[in-house]
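A quick write-up on the structure given underneath.
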Amino acid sequence: MATAETVEMGPPHPPKEESIKAFNEIEVDLKKKIQHLRHETAKHEPQYFYAVRNLTNEQLTNFSADDLKEVRIATSAYGLHLFGKVLLPESDPSHSFPESPHDAYFHFRAFIPGDAETASLHCIHMKQIDKADGDKVFKAIFSQSEPLEWFDE
Numbered sequence: 000m001a002t003a004e005t006v007e008m009g010p011p012h013p014p015k016e017e018s019i020k021a022f023n024e025i026e027v028d029l030k031k032k033i034q035h036l037r038h039e040t041a042k043h044e045p046q047y048f049y050a051v052r053n054l055t056n057e058q059l060t061n062f063s064a065d066d067l068k069e070v071r072i073a074t075s076a077y078g079l080h081l082f083g084k085v086l087l088p089e090s091d092p093s094h095s096f097p098e099s100p101h102d103a104y105f106h107f108r109a110f111i112p113g114d115a116e117t118a119s120l121h122c123i124h125m126k127q128i129d130k131a132d133g134d135k136v137f138k139a140i141f142s143q144s145e146p147l148e149w150f151d152e
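Written out as structure tokens, the structure reads:
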């Protein structure tokens with residue numbers, strides 16, 4: 000199994016043609032998954048999606064390949080691991096360009112097997128931070144300045 004310790008990630012960069020192709024292949028699954036995760040976490044840990052609590056499901060999933068802002072690629076013996084940072088365009092009602100530092104992003108991980116041409120969604124990043132005082136922070140929405148790093152879930 001590929002882990003951060005066994006696979007070296009390439010540097011962050013804007014998406015190229017192959018990354019955009021992979022994104023397009025998983026876009027429907029991404030939209031279903033992010034909606035499902037928000038619904039499921041709303042029951043016990045609404046903090047995961049607190050940053051976009053004002054968005055409807057339609058607004059939450061109103062992203063496309065144009066909103067894929069950054070990718071990192073890791074190569075393993077099994078294939079390519081694509082990590083992506085996606086802007087939620089409805090998080091900035093003014094649709095400013097360049098994006099506002101307050102805009103909301105989510106991170107995903109996809110896998111492209113070495114012998115296949117189709118990408119599959121592995122997961123959307125759901126981060127739990129255990130603070131020194133015993134408190135926990137739950138995040139599925141990230142800012143522009145937060146780096147795209149290896150994650151397993």
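Per numbering that gives the first Met the number 0, the very first residue in the sequence shown carries number 0; after that it's consecutive. Each residue gets a CB set at the ideal place from its N, CA and C atoms; glycine is no exception.
By the Cβ rule, the region 45 to 56 does not count as touching the region 106 to 124, because fewer than three pairs are nearer than 8 Å.
Within the same chain, and ignoring the five residues on either side of Pro88 in sequence, the residues whose Cβ sits closer than 7 Å to its Cβ are Asn61, Phe62, Asp66, His94. In the DSSP assignment, Ile19 falls within the unbroken alpha helix (DSSP H) covering 16 to 43. In this structure, Glu145 sits away from Met125, with a CB-CB distance that is not shorter than 8 Å. By the beta-carbon neighbour count (other beta carbons within 10 angstroms, threshold 16), Arg52 is exposed.
If you check the CB distance, Leu81 and Ala118 come in under 8 Å.
Looking at Ile123, Val6, Ser90, Asp102, the one whose alpha-carbon comes closest to that of Asp28 is Ile123. Counting the other Cβ atoms within 10 Å of the Cβ of Pro13 gives fewer than 16, which makes it exposed. Your pair Phe137 and Glu44 checks out as a contact, with CB atoms roughly 5 Å apart and the cut at 8 Å. Leu120 and Phe107 have their C-alpha atoms some 8 Å from each other. Glu39 has its alpha-carbon roughly 30 Å from the corresponding atom of Met8. In terms of Cα proximity to Arg71, the closest of Val85, Gly133, Tyr77, Ala41 is Val85.
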